[in-house]
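Asker: One structure coming up, written as structure tokens, with questions to follow.
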Amino acid sequence: MKNFITTDDWTRSDLQEILDYAKYLKKERFQDTLKNKSVALLFFNPSMRTRTSFEIGVQELGGYAVVLHPGKDAWPIEFKKNALMDQDSEEHIIEVAKVLSEYCDLIAVRSFPKFQDINEDISDNVIKSFEKFSTVPVVNMETITHPCQELAHILSLQEEIGDLDGKNYLITWTYHPKPLNTAVANSSLLIASKFGMNVKLLCPTEDYILHESFISKAQENCSKNNASFEITHNIEDGYSDADIVYAKSWGAINYFNDANNEKILRDKFKNFIVDEKKMALTNNAKFSHCIPLRRNIKATDAVMDSDYCIAVQEAANRLHVQKSLLTTLLKGK
Amino acid sequence: MKNFITTDDWTRSDLQEILDYAKYLKKERFQDTLKNKSVALLFFNPSMRTRTSFEIGVQELGGYAVVLHPGKDAWPIEFKKNALMDQDSEEHIIEVAKVLSEYCDLIAVRSFPKFQDINEDISDNVIKSFEKFSTVPVVNMETITHPCQELAHILSLQEEIGDLDGKNYLITWTYHPKPLNTAVANSSLLIASKFGMNVKLLCPTEDYILHESFISKAQENCSKNNASFEITHNIEDGYSDADIVYAKSWGAINYFNDANNEKILRDKFKNFIVDEKKMALTNNAKFSHCIPLRRNIKATDAVMDSDYCIAVQEAANRLHVQKSLLTTLLKGK
Amino acid sequence: MKNFITTDDWTRSDLQEILDYAKYLKKERFQDTLKNKSVALLFFNPSMRTRTSFEIGVQELGGYAVVLHPGKDAWPIEFKKNALMDQDSEEHIIEVAKVLSEYCDLIAVRSFPKFQDINEDISDNVIKSFEKFSTVPVVNMETITHPCQELAHILSLQEEIGDLDGKNYLITWTYHPKPLNTAVANSSLLIASKFGMNVKLLCPTEDYILHESFISKAQENCSKNNASFEITHNIEDGYSDADIVYAKSWGAINYFNDANNEKILRDKFKNFIVDEKKMALTNNAKFSHCIPLRRNIKATDAVMDSDYCIAVQEAANRLHVQKSLLTTLLKGK
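Residue numbers (the working numbering), protein chains in the order written: chain A, 17 to 349; chain B, 17 to 349; chain C, 17 to 349.
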């Protein structure tokens, strides 16, 4: 049985197969590949596009989706092994996963990192627990990475640019009033390096460098593909010659539990906003960002409304890549 | 492309076509007119009948519905043009509308007036923004008017009374412990005047007269139809000779931002409750009210449980008129 | 028309028919028995398995489900007859039930006892009001009893043990940090006694004896079936010779409105946790518990992970018994 927890578990060619079938589904939208299949969508955090695209996608393939919000309309869940459950949690992941596996053919989970303990966030315990105790495939709808977004991102780039090998890819930090999680940024490193691009990470200071596990994986992928990997804190260096600019904001991971100082630090870097002047430094780059996006904070209206902005296209592609993914995971079951 | 934002954008004969097909659907409930179509239902406010009737209606026509609550299970949305998005909103209507348009074939929106600034409420900015940026039809599930309720209201009156031209129609203010929005009352003026009735607005004082834009539209419609339009603050005047009594409570629109004084004023008029004594003044009128309704506050148990009360019938007709409307809007797409 | 409010309204043979068809549906999962039928699921309290199993079950039979949370995404409801509705409730059960009956073919309701007034809880007013005013069948998704869980419980026991007549059945109180409602425990008494078992109720003190209406019903059933009924406060007495151990925690019903003293009392009995030592006293009993369950509080990890624990199987059977029940209630409509 295959799960879809991180693209790091999948080969580039297997991912390309998912992307190719997504391109087909984009033209031939209605299929029967999920006939009599049901999918549980568990949201520990809010969602707009993820929920909509999964719910509609499942139905367009002839299946059924059920949406649950544990801790709100469902019971809070315990994830610790051998826990003495005398706190808030009313049930254990063992029972949740086993019972849902009896009702459904696939379980998809959104559970954001809590930004309190980097090691706990990196361990990705919530979805790993579902993986451990479920007897049906488990799909990541965003935890410490966001692999469905990765697929939509690459599909959009392939649609716009074609072959990605050797292209110059910039993932740039951008400002946001709150310390966001690193999921999409981590994902950006994983997938851009996997698909053969020269990857540059631009962030304000060393404090904003992403976790070493993702940095080293990106370095390893780039090295295998004879591509370069670079970290820079200089905006001009970052943007020059880029074919693709992907932006995301995140909190400084060494400032866990030090929110006040992280804010003081972060507020110095509002100038990292993606604007036309920076984009002019690139090699006529395409720009994208995972939506939701705060306009005129993360990117200017001019950038968002430009021809080279493919953020809406990327969001729209979520539907198609996810339908392809679900079909792949449930094939022959 | 047609949207359904206000019945004022539609001709009486086009609305009658929707009503006629609704009568057909009431007998032949299951059709394929929404096969492979999906509808997004966005609720910025609570709902019971609207959500249920839309969700079931879409499915009875072979389509799929997805329900979203922005700000609760989805992200809060910014509606201001060129906003510097450093407050609560995480995404802009431009992206929301464009991406949903890629996933869905129709977007329906409930967004109540905020009762803080009458001009903002009248501008109906939320649904107008969806209309502006969506590339699929947009349907009003209650904003500053409630056009789906209008359709159900007229269908019920036609079922009970037949031809409505020249009938005497009373829309009466009634008490409620909170200052409710004016949507259903505004809608009552628009639709009763459009369908050729003599319209009387009964409210306690000048402070409760509805916004001039709806008053003047009702006057204009009545004048075109050679029907009368009248405003009265005298209960006996209001009820006498009425063929139809429609009740609704709303806050005094000049008391925006002056909730305390509005309450003092409103609390003087508990006597506007619809009761048997008042109904006895009418021409054996039918009574209705958009549900939810507080019994023994807005109308007495005796009125609600009477043979002439058609409030439940009107609520039930929501299902049929909305199915007809959706079919009309998505025909041939 | 038949409702499913309590199994006490149904004969053992009618219930057995539902169980037998559930066994069939477990093998032949996809049927058309709810084609063009819609079901409203009303949750006044959180739910995981109930909602998932109902939503998926309805769809596996070709129908549609709509989920409502009155007071959250829908309006708060008044249940008192002739109420002057000047408090929180925006609409009355009369209108809610009548309108939903027009939209849907069946209404299912979850409404937990409030643990403030035992007589109000026992009166089961919320679901009884739906029963009174609805014109479609009403199903109990847990109120003062939990009859769908009863069906799943008995199905699992029949699968594991076969004929249940004359088996020794223990329902044991177990600890929980909060005073839970008595629904599943009441249900346990009703259904074990109905299916011919010798029933023993084990609880810490007289304060934890369940409400007399359920005790007397269990005594009456046992007597009819020539089976024994016994109450004990001695753990060894309770477990010895049991063929089945069913556990549940509940608050002492005489301590309504005296939460502090109830807690002091309850905290003395943490030793009622189901563990291997206690299970060793039984006649190789099967163990079960309605999920959610707090591990190492209500039962130990060793018991939950044992071969004789059938709690997950019971939860899984919810899907099948409910599909069978809905088919039975909607047959020929």
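Glycine residues also receive a C-beta, built at the ideal position from the N, C-alpha and C atoms. Quick caveat, the model's predicted, so the values are computed rather than measured.
Select from C:330, C:293 and C:337 the residue whose C-alpha is nearest the C-alpha of residue 318 of chain C.
Answerer: The residue with the shortest Cα to Cα distance from residue 318 of chain C is C:293.
Asker: Going by beta-carbon coordinates alone, are residue 168 of chain B and residue 336 of chain B separated by less than 9 angstroms?
Answerer: The answer is yes: Cβ separation under 9 angstroms.
Asker: Starting from residue 155 of chain A and walking both ways along the alpha helix (DSSP H), at which residues does that stretch end?
Answerer: It is not in any alpha helix (DSSP H) - residue 155 of chain A instead sits in the beta strand (DSSP E) that spans 154-156.
Asker: Do you know how far the Cα of residue 229 of chain A is from the Cα of residue 251 of chain A?
Answerer: Their Cα atoms are separated by approximately 24 angstroms.
Asker: Hey, is the segment 102-112 of chain B in contact with the segment 135-150 of chain B, meaning 3+ C-beta pairs nearer than 8 angstroms?
Answerer: Verdict: yes, contact present.
Asker: Give me the DSSP bridge partner(s) of residue 302 of chain A.
Answerer: Bridge partners of residue 302 of chain A: A:260.
Asker: May I ask you to check if the CB of residue 81 of chain A is nearer than 8 angstroms to at least one heavy atom of the ligand NAP?
Answerer: Only the bare structure without any ligand can be found here, which leaves the ligand NAP out of the picture.
Asker: Which word fits residue 103 of chain B, buried or exposed, when buried means at least 16 other C-beta atoms lie within 10 angstroms of its C-beta?
Answerer: Per the 10 Å Cβ criterion, exposed.
Asker: Of the residues A:343, A:295, A:237 and A:281, which one's Cα is nearest the Cα of residue 25 of chain A?
Answerer: If we check each option's Cα against that of residue 25 of chain A, A:237 comes out closest.
Asker: Kindly list the residues whose CB is nearer than 6 angstroms to the CB of residue 184 of chain B, restricted to its own chain and excluding five residues on each side of it in sequence; keep chain order.
Answerer: Within the same chain, residue 184 of chain B has close Cβ partners 214, 257, 258 and 259.
Asker: Residue 90 of chain C CB to nearest chain B CB: under 9 angstroms?
Answerer: At least one chain B Cβ lies under 9 angstroms of residue 90 of chain C.
Asker: Give me the residue from B:99, B:80 and B:19 with the minimum Cα distance to residue 312 of chain A.
Answerer: Of the listed residues, the one whose Cα sits closest to residue 312 of chain A is B:99.
Asker: Whose Cβ in chain C lies nearer than 8 angstroms to the Cβ of residue 289 of chain B?
Answerer: Going along chain C, no residue has its Cβ under 8 angstroms from residue 289 of chain B, so there is no contact; the nearest lies around 10 angstroms.
Asker: Quick one: Cα of residue 18 of chain C to Cα of residue 59 of chain C, how far?
Answerer: Looking at the two C-alpha atoms, the distance is approximately 21 angstroms.
Asker: Given residue 49 of chain C, which residues of its chain have a CB within under 6 angstroms of its CB, disregarding the five upstream and five downstream residues?
Answerer: Cβ within range, chain order: 77 and 343.
Asker: Check whether the segment 61-80 of chain C touches the segment 117-131 of chain C, counting contact only when three or more Cβ pairs, one atom from each stretch, lie closer than 8 angstroms.
Answerer: As far as the Cβ criterion goes, the segment 61-80 of chain C touches the segment 117-131 of chain C, which means the pair count is three or higher.
Asker: Which chain B residues are close to residue 101 of chain C, counting only those with a beta carbon under 8 angstroms from its beta carbon?
Answerer: By Cβ distance, chain B contributes 310, 311, 312 and 313.
Asker: Within 9 angstroms (strictly less), CB to CB, does residue 320 of chain C reach chain A?
Answerer: Yes, because at least one Cβ of chain A sits closer than 9 angstroms to the Cβ of residue 320 of chain C.
Asker: For residue 69 of chain A, decide whether its Cβ has a neighbour in chain B, counting only Cβ atoms nearer than 9 angstroms.
Answerer: Output row for residue 69 of chain A: interface = yes.
Asker: Is it the case that the Cβ atoms of residue 131 of chain C and residue 341 of chain C are separated by a distance below 9 angstroms?
Answerer: Cβ atoms of residue 131 of chain C and residue 341 of chain C: not closer than 9 angstroms.
Asker: In the DSSP assignment, find the alpha helix (DSSP H) that holds residue 208 of chain C and state where it starts and stops.
Answerer: 199-210 is the span of the alpha helix (DSSP H), which, as asked, contains residue 208 of chain C.
Asker: Tell me residue 84 of chain C's beta-bridge partners as DSSP assigns them.
Answerer: C:58, per the DSSP bridge assignment.
Asker: List, in order along the chain, the chain A residues whose C-beta lies closer than 9 angstroms to that of residue 278 of chain B?
Answerer: Within 9 angstroms Cβ-Cβ: nothing; residue 278 of chain B doesn't reach chain A, min ~34 angstroms.
Asker: Nearest by alpha-carbon distance to residue 198 of chain C: which of C:186, C:66 and C:227 is it?
Answerer: That would be C:227, whose Cα lies nearest to the Cα of residue 198 of chain C.
Asker: Under the DSSP definition of a beta bridge, which residues are partnered with residue 216 of chain B?
Answerer: Looking at the DSSP assignment, residue 216 of chain B forms a beta bridge with B:186 and B:246.
Asker: Using a beta-carbon distance below 9 angstroms, is residue 307 of chain A in contact with chain B?
Answerer: Residue 307 of chain A counts as touching chain B.
Asker: Ends of the beta strand (DSSP E) at residue 124 of chain B?
Answerer: Start and end: 122-126.
Asker: By a C-beta neighbour count over all protein chains shown, 10 Å radius and 16 as the cutoff for buried, is residue 37 of chain B buried or exposed?
Answerer: Per the 10 Å Cβ criterion, buried.
Asker: Specify, as a first and last residue, the run of the alpha helix (DSSP H) that residue 39 of chain A falls within.
Answerer: Taken as a continuous stretch (DSSP letters only), the alpha helix (DSSP H) holding residue 39 of chain A covers 28-43.
Asker: For residue 242 of chain C, which option in C:220, C:211, C:254 and C:299 has the closest C-alpha, if you only look at C-alpha atoms?
Answerer: Nearest option by C-alpha distance: C:211.
Asker: Can you pull out the residues from the segment 74-88 of chain B whose beta carbon lies closer than 8 angstroms to at least one beta carbon of chain A?
Answerer: Under the 8 angstroms Cβ criterion, the segment 74-88 of chain B contributes 80, 82, 84, 86 and 88.
Asker: I'd like to know whether the C-beta of residue 335 of chain A is nearer than 9 angstroms to at least one C-beta of chain B.
Answerer: True, the Cβ-Cβ gap to chain B drops below 9 angstroms.
Asker: Residue 332 of chain A and residue 304 of chain A: beta carbons closer than 9 angstroms?
Answerer: In this structure, residue 304 of chain A does not lie closer than 9 angstroms to residue 332 of chain A by Cβ.
Asker: Keeping to the same chain, check which residues put their C-beta closer than 8 angstroms to that of residue 35 of chain A; ignore five residues upstream and five downstream.
Answerer: 167, 170, 171, 174, 337 and 340.
Asker: Distance check for residue 323 of chain B and residue 302 of chain B, CA to CA, integer angstroms please.
Answerer: Each residue's Cα considered, the two are about 9 angstroms apart.
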